[in-house]
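Participant:
Residue numbers (my numbering): -18 to 544.
1. Name the residue from 66, 174, 359 whose alpha carbon lies nearest to the alpha carbon of residue 162.
2. In this structure, does DSSP put residue 452 in helix, strand or coil?
3. Would you give the residue range spanned by the alpha helix (DSSP H) that residue 209 belongs to?
4. From the DSSP output, in three-state form, read off residue 7 for me.
5. Buried or exposed for residue 352, please, with buried defined as at least 16 other CB atoms from any protein chain shown within 10 angstroms of its CB.
6. In the structure shown, what three-state DSSP assignment does residue 547 receive?
7. In or out: residue 358 buried (at least 16 other Cβ within 10 Å) or exposed?
8. Which residues mark the beginning and the end of the beta strand (DSSP E) in which residue 423 is found?
9. Between which two residues does the beta strand (DSSP E) harbouring residue 49 extend?
10. Is it the case that the stretch 149 to 164 contacts the stretch 185 to 200, given that we only count it when at least three CB pairs across the two stretches are under 8 Å?
11. Of all the options 20, 286, 167, which has the alpha carbon lying nearest to the alpha carbon of residue 257?
12. In this structure, how does DSSP classify residue 280 when only helix, strand and coil are distinguished?
13. Quick one: give me the first and last residue of the alpha helix (DSSP H) that residue 401 is part of.
14. Mind reading off the beta-carbon distance from residue 508 to residue 418? Whole number of angstroms is fine, and I expect it under 8 Å.
15. Counting pairs of beta carbons, one from the stretch 129 to 140 and one from the stretch 75 to 95, are three or more of them closer than 8 Å?
16. Report the rounded CA-to-CA distance for residue 226 versus residue 220, giving the unit in angstroms.
17. I need the DSSP call for residue 202, collapsed to helix, strand or coil.
18. On a CA-only basis, which of 480, 519, 518, 428 is nearest residue 542? Give me that one, please.
19. Kindly list the residues whose CB is nearer than 6 Å to the CB of residue 473, restricted to its own chain and excluding five residues on each side of it in sequence; keep chain order.
20. Let me check one thing: in DSSP terms, what residues is residue 546 bridge-paired to?
21. At the level of alpha carbons, what is the spacing between residue 174 and residue 13?
22. Suppose you measure from the CA of residue 215 to the CA of residue 74; what does that come to, to the nearest Å?
23. DSSP three-state call for residue 173: helix, strand or coil?
24. How is residue 359 classed by DSSP in three states: helix, strand or coil?
25. Just list the residues that DSSP pairs residue 250 with in beta bridges.
26. So is the beta-carbon of residue 422 under 6 Å away from any non-hydrogen atom of the ligand NAP?
27. Decide if residue -15 is buried, meaning its Cβ has at least 16 other Cβ atoms within 10 Å, or exposed.
28. Could you spell out where the beta strand (DSSP E) holding residue 340 opens and where it closes?
29. Give the secondary structure of residue 67 by DSSP, where H, G and I count as helix, E and B as strand, and everything else as coil.
30. Rounded to whole angstroms, what is the Cα-Cα separation between residue 338 and residue 448?
31. Return the first residue and the last residue of the beta strand (DSSP E) that residue 371 is part of.
32. Using a Cβ-Cβ cut-off of 7 Å, state whether residue 174 counts as contacting chain B.
33. What do you reckon, are the CB atoms on residue 389 and residue 239 nearer than 7 Å?
34. Smallest Cα separation from residue 109: which of 97, 382, 536, 349?
35. Could you tell me whether the Cβ atoms of residue 488 and residue 478 are closer together than 7 Å?
36. Only counting the same chain, and skipping five residues up and downstream in sequence, which positions put a Cβ closer than 7 Å to that of residue 441?
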């Protein structure tokens, strides 16, 4: 799996000024032309080197990076070359049609129409979604329309200065090796932009695709279940609002109260530091709205609505509401699917950085279970997958229709579960307690360290490999696994996994999309059938705090809040 700092391919032999002038001559975008002209006039060698001394590399996450001029930025030249390489790859495999979607970030619409023009110029059908829409709508459209590939222009939950280019193949799943390397090679073979043919007769799809998606999503909810639920919802300035409201309406739920300050698409994400529901403060406005309204549940999407965050009432929390961890929502949805259909078959799947509780639940109910590398490009490819999730707020509840995480369908099923429990005089927290008593309390947390210099990440990984810890958080390390060597059926990836005595584990890996090193922590505390779950939670919290300190120390990371 490629990581954020691997997306930049260094080329130190290049004369930056000469390459910049060549680039300027073929750049069709007045904004990036003006940016580059100003840098050349000023003689800003550092800025030129930053843009032209390396390039964004096409990997398993496609392309993602800051907007701007040059091969090390997201811009129209980079996007059209990527589209030309993708089209060449597809033509060699007798493909015929590509669906293209986009979100509301800066330049997303331009990058989408550029892609459509290049795909058309290559002789393929280009089917453009009618307006900015969630990523899961694009993933659905590929399978629904029988297309051979899909492109989604989005940087998901990245900062506002970023954009990205995500590629799916005809099964509706994101690309994995070797397709990523083969597409990358095809991109490298693209000549000057002037030689890339472009057409202007792409097809802009109507509302029929969105209507089919909404029909499918609404059909996931039991028509006989309770609809007595009041929710607060925020799209975090993204494209989820209208689709979520339409899905709730079709399924018969009351319209959520939408956080007004974050309701409209806003590529600058003016109310949040990072438009990611996991980031501290991101859903504070939604929690404030919930405190002011008589609601039962808080729901949030990230800007392209493929992730879903959930918050529940908690008198012990500062705002009276607590955001559930992705692992908590993940096991709740798994339990809901089992509870709704005792004859459920298939395989539950999750990633190696997510809670191991899903595996215990699957075993208890005779279902298959699989662990994959991080990312839905792997989860969606599990044989006979019925449900999959990963801790980063991603849930796939309907893999036959959307082979990717889907924050819209997940929100709807969470609402169905909450309404069902409410009709029984219970809440989501009560079901979590039941699951802890049945399978043990699986408490998870994450230590994510954002860096300015990616060498810090490389140094930490090297240190852990050279000096693997024998004990973490007071628990003996029973196995230290270097995932780069390949473990079991897992493809090699840059990461380390430590299994702990008592059932816990630690996974350390570089982020695939941001300049971060991430440490995923899990402890397991046994709870009696009539046991005190709250006491077990306090025990688990203390163990997780110890794990954080020990992992940071072992990796040589300076984390002031842990000292």
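Glycine is no exception: its CB is placed at the ideal position from the N, C-alpha and C atoms.
Facilitator: On the basis of the data shown:
1. 66
2. strand
3. Run containing residue 209: none; DSSP gives neither H nor E here.
4. helix
5. buried
6. Residue coverage of the chain in this structure runs from -18 to 544, which leaves residue 547 outside it and unanswerable.
7. So residue 358 counts as buried.
8. 422 to 431
9. Residue 49 -> no beta strand (DSSP E), and no H or E assigned at all.
10. no
11. 286
12. Strand at residue 280.
13. Per DSSP, residue 401 belongs to the alpha helix (DSSP H) from 388 to 404.
14. 5 Å
15. yes
16. 11 Å
17. coil
18. 428
19. 465, 467
20. The structure shown has nothing for residue 546, since the chain only spans -18 to 544.
21. 15 Å
22. 42 Å
23. coil
24. Per DSSP, reduced to three states, the secondary structure at residue 359 is helical.
25. Its beta-bridge partners do not exist; DSSP assigns none.
26. Absent from the structure shown: the ligand NAP. Ligands present: none.
27. Note that residue -15 scores 37 on pLDDT, short of 50, meaning its location in the model is unreliable; the coordinates nonetheless yield the value given after this. Looking at its Cβ environment, which holds 16 or more other Cβ atoms inside 10 Å, residue -15 is buried.
28. Not the beta strand (DSSP E): residue 340 falls in the alpha helix (DSSP H), residues 338 to 345.
29. In the three-state scheme derived from DSSP, where H, G and I count as helix and E and B as strand, residue 67 is classed as helix.
30. Each residue's alpha carbon lies about 30 Å from the other.
31. 366 to 371
32. Checking the listed chains, one finds no chain B in this structure; it contains a single protein chain.
33. Not a contact, by the Cβ cut-off of 7 Å.
34. 97
35. Taking 7 Å as the Cβ cut-off, residue 488 and residue 478 qualify as a contacting pair.
36. 498, 536, 537, 538
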